[in-house]
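Residue numbers (the numbering used here), protein chains in the order written: chain R, 1 to 317; chain C, 1001 to 1171.
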């Protein structure tokens, strides 16, 4: 009984926390982008503009929920749900602290990779079902980009798996008691970070949306809460990537003095802030640059990393 | 790769810079004295209306937002019967001020004219007239102009010679 109660608390706690973080990020990202751009950002509604979150939510919910007559109705409605579901499901395998996780899968990392592959469907289906050229172009770009970056996203994590000897995220974190994996797996970390940015199509890799070329890319035709789900899905994706970087490379909840959960939150916030800072700094590459960067530089790099890590681990027994 | 890191660091440093934003309702922006904002009608130093209803402002106005009707009082002074500016049309170009021969119509550094109702943007003479002389405190048109009005005959204006009797032979 008590284990059921803990499970329920974990499930709803994680769900609540993740959705709250996503909501706060909607506001927080604008404030932080403003911070690095010598502006203030939204600071009018309530103290420090915090009520902006509520204002945005009310706006999202009360906008006209328009489905274009030329759209493929069923798929059009399905697509935004897919991204929310896949991203939220990925959080089930993340260990936030000892005892704070939804499920301890022995294939946790693979489950995350599978879910992030499923996330591609959302974008592609949205682009296809919208039945407009900009959406379709965005969807095509998203498909190519996410599929090619997924390849070495998985490969970059294999070094961690070799070192920890497990796909279970809890065991991976516990294997970092002595040393964070960012040191032996620095290349893996860099590649995973870049691939993660590409997976969530955040700004240096936001070619599927590319405001200046494709209006809003795959979600051009979406409005109201359906668009909101894409946006929230993106913010949850950012949180997910940060959470995984922390769990895989920066020792998860491991840290001195402070309680484990606090360490986890602190480390995660750092990476969320870093991703927002990267959004504020870097321009979008050209599409062919994106592809050649991925296939010609990052894929060989992650393969090399994998081979060298495997070789060293084998040599040391 | 290094340049990417350098640009991220450079952007991060901007977090400690001074903000460029002017927090408007709390901090008012500096407006120079000749800023072209809300239009007013001024009075001469004696407290009379300066406007002589010559229609030059209405003619100069590129968007035809000024409308007025001239009339004349008992002393022979011209003044506008009504003077109406439609600020929903006005583009604040200042051509009316340039056209005005009596410095009556002037633009002020005030732009806070927001209204919820469009009709409220039509200002009548009561809203336009101010009690002071505006930018030219000492100027009084009827005191320097040659026009005769009640209380001031021909040749009695400032720096005006008495009229010459052209039919007389005397020097």
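The beta carbon of each residue, even a glycine, is placed where N, CA and C say it ideally should be.
query                                                                                                                                                                               : result
Give, in chain order, every residue of the segment 187-220 of chain R whose Cβ lies closer than 8 Å to some Cβ of chain C.                                                          : none
Rounded C-beta distance between residue 1108 (chain C) and residue 1040 (chain C)? I'm assuming under 8 Å.                                                                          : 6 Å
Assign residue 253 (chain R) to one of two classes, buried (16 or more other C-beta atoms within 10 Å of its C-beta) or exposed (fewer than that).                                  : buried
Around the C-beta of residue 222 (chain R), are 16 or more other C-beta atoms found within 10 angstroms, so that it is buried, or is it exposed?                                    : buried
Closest by CA to residue 247 (chain R), which one among R:258, R:87, R:268, R:50?                                                                                                   : R:268
In the segment 17-48 of chain R, which residues sit with their C-beta less than 7 Å from some C-beta in chain C, listed in chain order?                                             : 35, 36, 37, 38, 39, 40
In chain order, what residues of the same chain lie with their CB nearer than 6 Å to the CB of residue 1144 (chain C), ignoring the 5 residues before and after it?                 : 1157, 1158
Would you please state the rounded distance, in angstroms, between the beta carbons of residue 1162 (chain C) and residue 1151 (chain C)? I believe it to be under 8 Å.             : Their Cβ separation, rounded to whole angstroms, is 17 Å, which puts residue 1162 (chain C) and residue 1151 (chain C) out of contact at 8 Å.
Tell me the residue span of the alpha helix (DSSP H) that contains residue 1086 (chain C).                                                                                          : Careful: residue 1086 (chain C) lies outside any alpha helix (DSSP H), inside the beta strand (DSSP E) at 1078-1086.
Express the C-alpha separation of residue 225 (chain R) and residue 64 (chain R) in angstroms, rounding to a whole number.                                                          : 9 Å
If residue 281 (chain R) and residue 1003 (chain C) are in contact, beta carbons under 8 Å, what's the gap, nearest whole angstrom?                                                 : About 11 Å; that fails the 8 Å criterion.
Taking just the CA atoms, how far does residue 1063 (chain C) sit from residue 124 (chain R)?                                                                                       : 51 Å
Compile a chain-ordered list of the residues in the segment 1012-1025 of chain C whose CB is closer than 8 Å to at least one CB of chain R.                                         : 1012, 1014, 1015, 1017, 1018, 1019, 1020, 1021, 1023
By how many angstroms is the C-alpha of residue 1053 (chain C) removed from the C-alpha of residue 1023 (chain C)?                                                                  : 41 Å
For residue 1072 (chain C), I'd like the list of residues in its chain whose CB is within less than 7 Å of its CB, leaving aside the five on either flank, ordered along the chain. : 1078
So, under 8 Å CB-CB, residue 53 (chain R) and residue 23 (chain R) are touching, yes? Tell me the CB distance rounded to an integer number of Å.                                    : 5 Å
Less than 9 Å between the beta carbons of residue 290 (chain R) and residue 198 (chain R), yes or no?                                                                               : yes
Check the Cβ of residue 1004 (chain C) against every Cβ in chain R and list those closer than 7 Å, keeping chain order.                                                             : 282
Could you tell me the distance, in whole angstroms, from the CA atom of residue 19 (chain R) to the CA atom of residue 159 (chain R)?                                               : 31 Å
For a contact meaning CB atoms closer than 8 Å, what does residue 83 (chain R) contact in chain C?                                                                                  : Going along chain C, no residue has its Cβ under 8 Å from residue 83 (chain R), so there is no contact; the nearest lies around 27 Å.
My output table needs one value for residue 34 (chain R): the three-state DSSP class, helix, strand or coil.                                                                        : helix
Using a cut-off of 9 Å between C-beta atoms, extract the partners of residue 1008 (chain C) located in chain R.                                                                     : 274, 277, 278, 280, 281, 282
Between the segment 28-41 of chain R and the segment 68-80 of chain R, can you find at least three pairs of beta-carbon atoms closer than 8 Å?                                      : no
Would DSSP call residue 1041 (chain C) helix, strand or coil?                                                                                                                       : strand
Would residue 115 (chain R) and residue 89 (chain R) qualify as a contact pair, given that the criterion is a beta-carbon distance under 9 Å?                                       : yes
Reducing DSSP to helix, strand and coil, say where residue 318 (chain R) ends up.                                                                                                   : With chain R covering only 1 through 317, there is no way to say anything about residue 318 (chain R).
So, residue 25 (chain R) versus residue 1011 (chain C), is the Cβ gap smaller than 9 Å?                                                                                             : no
Is residue 1009 (chain C) buried or exposed, if buried means 16 or more other CB atoms sit within 10 Å of its CB?                                                                   : exposed
Taking C-alpha atoms, which residue in R:311, R:256, R:299, R:239 lies nearest to residue 94 (chain R)?                                                                             : R:239
Go through its chain and collect everything with a Cβ distance to residue 49 (chain R)'s Cβ below 6 Å, but skip five positions before and after it.                                 : 42, 43
Output the residue ranges of the alpha helix (DSSP H) runs that lie fully inside the segment 1043-1125 of chain C and measure 4 residues or longer, sorted by chain position.       : 1056-1060, 1095-1099
How far does the alpha helix (DSSP H) with residue 1016 (chain C) in it extend, from its first residue to its last?                                                                 : Neither: residue 1016 (chain C) is in no alpha helix (DSSP H) and is coded neither H nor E.
How long is the line joining the alpha carbons of residue 11 (chain R) and residue 1119 (chain C), rounded to whole angstroms?                                                      : 57 Å
Which runs of the alpha helix (DSSP H) at least 4 residues long sit entirely within the segment 191-259 of chain R? Give them in chain order.                                       : 211-214, 224-249
In or out: residue 16 (chain R) buried (at least 16 other Cβ within 10 Å) or exposed?                                                                                               : exposed
Roughly how many angstroms lie between the CA atoms of residue 155 (chain R) and residue 6 (chain R), to the nearest whole one?                                                     : 34 Å
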